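When the letters of the sequence shown are read in order and numbered with mature numbering (1 follows the signal peptide of the UniProt record, and there is no 0), they come out as residues -19 to -1, 1 to 163. Virtual Cβ for every residue (Gly too), placed ideally from N, Cα, C. Computed from a prediction, not measured in an experiment: that's the story for all the values here. Since the structure comes first, as structure tokens, the remarks are kept for the end.
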Amino acid sequence: MKTLIFSLLLIAATTFSQAQEIQLEEAKVGFAPLDSKVERNGDEFSFKVAETYTGEFTKDPIAFMKANFDIKNFIAAHDEEWDSYAVTFSSSKGYLSADFDKDGNLVSTFQKFKDIVLPLDVRREVYMANKGWTMTGNKYTASGSGEIIQKEVYKIKLVNGNQKRTMKIDPRASETSVAINE
């Protein structure tokens, strides 16, 4: 028994003494003109978004833009001086259009997406107001100044047999309007 305990302690000591500590350096993500698919039209630039996982961009487009795009590096990479920069980030579900001033400050944003996963509170509101109905599609639009969204609307299509409804939800005002299409 003593031999077994001693052997286990010896194996544990050998294992822990062999462990190595790994330190990773901080990685900075910025504008990489050779790696990005950029289309240019005057002072307007379009980027195709490459998501790490599905829905990463549509969940919070402004946060995604801030985390993956550095406007200051982007402006420095272009020799031309513009008064403003219109940058569009697009994915298969929709797009975010951001307007920056010449110093790289975010002036305004506009978002438009279709067939996205609705936020939990919106899903609950739709379900509670329309039991027995099936959602067949949705559209989301939002606009704002800087990083603050001032207006957002969900348009949701519902079907129940031969009946159809289109529902508009403003999650900020919690107002629901239903249009019935027959």
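Start and end residues, alpha helix (DSSP H) containing residue i
i: Ile97; result: Segment: none, Ile97 is in no alpha helix (DSSP H) and carries neither H nor E.
i: Phe70; result: Where Phe70 is concerned, there is no enclosing alpha helix (DSSP H), although the beta strand (DSSP E) it sits in stretches over 65 to 71.
i: residue 164; result: One cannot answer for residue 164 here, as it falls past the ends of the chain, which runs -19 to 163.
i: Ala58; result: 52 to 58
Bridge partners - residue i, DSSP secondary structure assignment
i: Arg21; result: Phe26
i: Leu87; result: Phe81
Same chain, Cβ closer than 7 Å to residue i, five either side skipped, listed in chain order
i: Gly36; result: Val98
i: Ala79; result: Met46, Val68, Leu87, Thr90
i: Ser(-13); result: none
N- and C-terminal bounds of the beta strand (DSSP E) containing residue i
i: Phe81; result: 75 to 82
i: Asn49; result: From DSSP, Asn49 is part of no beta strand (DSSP E) but of the alpha helix (DSSP H) over 42 to 49.
i: Asn141; result: 129 to 141
i: Lys145; result: 144 to 151
Closest by C-alpha distance to residue i, when choosing among the options
i: Arg21; options: Leu139, Ile52, Tyr66; result: Tyr66
i: Phe28; options: Lys120, Tyr76, Asp84, Ile130; result: Tyr76
i: Ala154; options: Arg105, Gly142, Gln131; result: Gln131
i: Lys95; options: Lys(-18), Ser73, Met109, Gly85; result: Ser73
i: Lys40; options: Arg105, Arg146, Tyr121, Ile(-15); result: Tyr121
i: residue 207; options: Thr117, Val103, Ile56, Glu32; result: The question about residue 207 has no answer, for the chain in this structure spans -19 to 163.
i: Ala58; options: Phe70, Phe(-14), Val19; result: Val19
i: Tyr108; options: Lys83, Glu128, Lys138; result: Lys138
i: Trp63; options: Gly85, Met116, Ile43, Gly142; result: Gly85
i: Glu128; options: Ala44, Pro100, Gly118; result: Ala44
i: Gly23; options: Asn143, Ala(-8), Glu61, Arg105; result: Glu61
i: Trp114; options: Phe70, Asn143, Met(-19), Ile52; result: Asn143
Contact set for residue i: own chain, Cβ-Cβ below 6 Å, skip 5 residues either direction
i: Glu133; result: Ala123
i: Lys136; result: Lys120, Lys149
i: residue 168; result: Outside the shown range of the chain (-19 to 163) lies residue 168, about which nothing can therefore be said.
i: Thr117; result: Lys138, Val140
i: Phe38; result: Val30, Glu32, Phe45, Ser72
i: Gln92; result: Pro42, Leu77, Ala123
Same chain only: Cβ atoms within 8 Å of residue i, ignoring 5 sequence neighbours per side
i: Asp102; result: Pro152
i: Asp16; result: Reliability of the predicted coordinates at Asp16 is poor, the pLDDT of 40 falling under 50, and the value obtained from them is presented with this limitation in mind. Closer than 8 Å at Cβ, skipping near neighbours: no residue.
i: Ala(-8); result: none
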